[in-house]
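First the structure, in the form of structure tokens, and then the observations on it.
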Amino acid sequence: MRTRRHPPLSERTAGRWWRLPVAIGFPLLLVVPLGWLWYDSLVPSTYSVMDMGHADYGGGPAPGRGGGHAGHDMGGVSLATLTGPRDGTPDLTATLTARQGTFELASGEQADGYTLNGTSPGPELVATEGDLVEVTLVNADVEDGVTLHWHGIDVPNAEDGVAGVTQDAVEIGEEHVYRFVLPQAGTYWYHSHQVSHRQVRGGLFGTFVVTPRDDAATSTAEDLTATLHTYDGVRTLNGRTGVSRAEAPAGATVRLRVVNTDNGAAPVWVSGAAYRVLAVDGVDLRGPTDVRDRTYVLTAGARADLEVVVPPGGFRLDVGGGTAMVVGPRGSRPSPATEPERRVDLLTYGQAGDLPFDPDRADRRFDYDIGRRPGFLDGRPGFWWTINGKMFPDVPMYVVEEGDVVRMTIKNTSGDVHPMHLHGHHAVVLSRNGVPATGSPWWVDSLHVADDETYEIAFLADNPGVWMDHCHNLPHAAEGLIAHLAYDGVSTPYEVGRDGDGAHNHPE
Ligand code: C2O
Ligand code: CU
């Protein structure tokens with residue numbers, strides 16, 4: 075057995091004087107920059123989204139007011155003045171009372187989350203295009219506060235329901251009145267935009283169906299809503315697990331309004347009949363044709379109106395996980411098909427048509443480039459989303475002027491899918507991965523941007539305000555995948571975070 079001889083300490087360290095400074099200095103080399111990155115990532119306890127990140131003018135003229143980096147305060151008008159009509163008798167009046175706790179799904183199971191008027195989904199709102207709507211949101215007992223955002227309805231900015239951007243969260247015992255005119259027919263939904271990654275998943279939402287004023291074309295159709303939501307891992311349609319049923323006579327034309335309120339995309343397919351995609355995100359497609367044996371991928375937040383003529387044996391709409399809806403004469407049992415591999419591609423579906431503006435003469439061109447990298451988000455280390463290479467809150471503020479034609483290139487190299495949602499506007503898809511759209515004009519408010527995909531979209535800046543433009547996989551938004559579109563001359567008086575009165579706004 076050999077014994078190692080240990081020299082005395084003085085001998086061991088002699089001539090290695092550098093060890094101590096290195097032992098201290100080397101970690102410092104890591105700790106100081108890391109500490110700085112950590113410190114730099116801290117988000118102030120309250121902030122205005124106007125102060126977030128950096129102004130991006132998209133190659134257009136820098137606005138006269140504001141400009142510069144410091145706070146890019148757009149000055150001018152407070153968005154709080156950009157309301158719907160304050161007078162006039164509403165065509166639709168509703169009071170929606172938000173509560174927190176356990177409740178029963180329509181199919182009887184217990185769930186824990188949030189309700190509106192005692193149910194989740196909340197009451198379906200139905201009105202006609204051009205109607206004046208007045209909804210009073212009451213917060214009975216939701217601790218974090220609540221708001222209502224009208225997903226896909228291009229309302230005036232002050233009615234948009236985003237806590238800390240367009241209003242303060244409604245505290246327990248308070249109420250908030252939303253008033254707006256419905257600009258177009260279509261299938262929409264509403265949901266809380268306060269702590270939305272928790273509240274929406276927990277059930278604080280409902281659907282909103284807007285029928286056309288000139289209803290002649292659709293009056294013969296049966297109108298059904300199929301709202302998809304996963305409560306605590308349980309997938310439902312209209313709050314029902316398993317296979318639900320709706321009666322319709324053979325030969326009837328059914329308009330199925332499929333709404334995805336989940337954070338992930340859902341495969342949707344029909345067995346026993348062909349279907350047509352009549353509308354996407356509330357906008358009719360031009361020249362829709364019959365689809366058979368194809369899956370329609372409904373991204374998070376998106377809606378698709380499918381038309382099906384009921385066969386004598388009925389048909390079945392599947393949304394994955396065995397959750398389905400059978401529509402047909404009483405007792406029909408259409409056999410379920412497995413999810414078709416082929417998919418409907420809206421890039422080529424339907425007939426080309428004119429756009430209301432020329433995207434080739436864009437006033438501004440923006441990049442919304444989504445990536446991911448390690449870093450600190452508000453002091454928390456992780457692997458976080460980036461927009462144009464930077465992490466929240468150092469993200470772009472896209473600045474436009476009213477009347478601009480805007481092009482945006484959304485590029486995703488982040489390794490995950492992002493359902494991108496721009497508030498207050500519908501955008502038209504121009505191309506995907508460089509391939510131009512040749513089908514029906516394809517208008518979206520929620521766009522499925524898969525990993526390694528690049529979409530070019532365009533929209534008209536015709537709705538002044540400060541608008542969120544974020545990922546509708548709501549936990550991603552809470553992880554910083556959020557930017558805003560701001561009109562020159564409009565600013566928000568609201569703040570995200572806590573203020574002195576104890577009001578707290580956490581839109582994501
Ligand atoms: Cu459906 Cu920013 O929301
Ligand atoms: Cu995302």
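Quick note, the sequence shown lines up with residues 75 to 582 if you use this note's numbering. No residue lacks a Cβ here, since even glycine has one placed at the ideal position from N, Cα and C.
Closest residue to residue i among the options (Cα-Cα distance)
i    : options                   : result
S194 : V207, G175, T221 and G316 : G175
G445 : D478, V480 and N486       : N486
E530 : D536, N537 and L521       : L521
L451 : S266, A551 and R287       : A551
L166 : L102, T285, R173 and G127 : T285
G162 : E183, S181 and G204       : G204
R309 : R331, G277, A295 and D478 : G277
V209 : P230, G182, E249 and D215 : E249
L170 : V244, Q258, V382 and G449 : V244
A324 : S345, T363, F466 and G387 : G387
V371 : P493, D428 and P470       : P493
L504 : D432, E476 and W224       : D432
S345 : V351, G313, R331 and P385 : P385
H589 : F457, L429 and V491       : With the chain represented from 75 up to 582, any question about residue 589 goes unanswered, as that position is not in the structure.
T261 : L199, R314 and V239       : L199
Y349 : L103, L391 and E321       : L391
V123 : M471, T528 and A511       : M471
A532 : G247, R438, A172 and L211 : R438
H580 : L108, P118 and E183       : P118
R447 : G402, V382, G127 and K464 : K464
I246 : A214, Y188 and G513       : A214
T281 : H225, R275 and G238       : H225
F440 : C545, P362, Y113 and G132 : G132
E475 : A524, G449 and D562       : D562
L156 : H546, N547, N537 and F279 : N537
S514 : P403, T363, G395 and A295 : T363
G196 : V207, R454, A168 and G182 : A168
L421 : V274, G187 and V502       : V502
Any non-hydrogen atom of ligand 1 within 6 Å of residue i CB
i    : result
H580 : no
H495 : yes
M124 : no
G375 : yes
M542 : yes
Beta-carbon gap between residue i and residue j smaller than 7 Å
i    : j    : result
G539 : V570 : no
L555 : D543 : no
V418 : R368 : yes
S266 : T221 : yes
L153 : T566 : yes
V469 : A557 : yes
A436 : R481 : yes
V342 : V393 : yes
D218 : V269 : yes
A347 : F389 : yes
L116 : A201 : no
Y442 : I484 : yes
R416 : E381 : no
P467 : M126 : yes
T397 : L311 : yes
W459 : H497 : no
H546 : H495 : yes
V479 : A524 : no
A322 : V239 : no
Residue i beta carbon near ligand 3 (any heavy atom closer than 6 Å)
i    : result
H223 : Ligand 3 is not among the ligands present in this structure, which contains only ligand 1 and ligand 2.
If you measure from each CB to the nearest heavy atom of ligand 2 and keep those under 6 Å, what residues do you get, in chain order? H492, C545, N547, H550 and L555
For the structure I just gave you, are there three or more beta carbon pairs, one from the segment 335–348 and one from the segment 300–313, closer than 8 Å? yes
Validate contact between the segment 339–355 and the segment 375–382 using beta carbons, cut 8 Å, 3 pairs: yes
When you compare the segment 176–193 with the segment 225–243, are there three or more beta-carbon pairs, one atom per stretch, that lie closer than 8 Å? no
Could you tell me whether the segment 505–524 touches the segment 403–415, using the rule of 3 or more Cβ pairs below 8 Å? no
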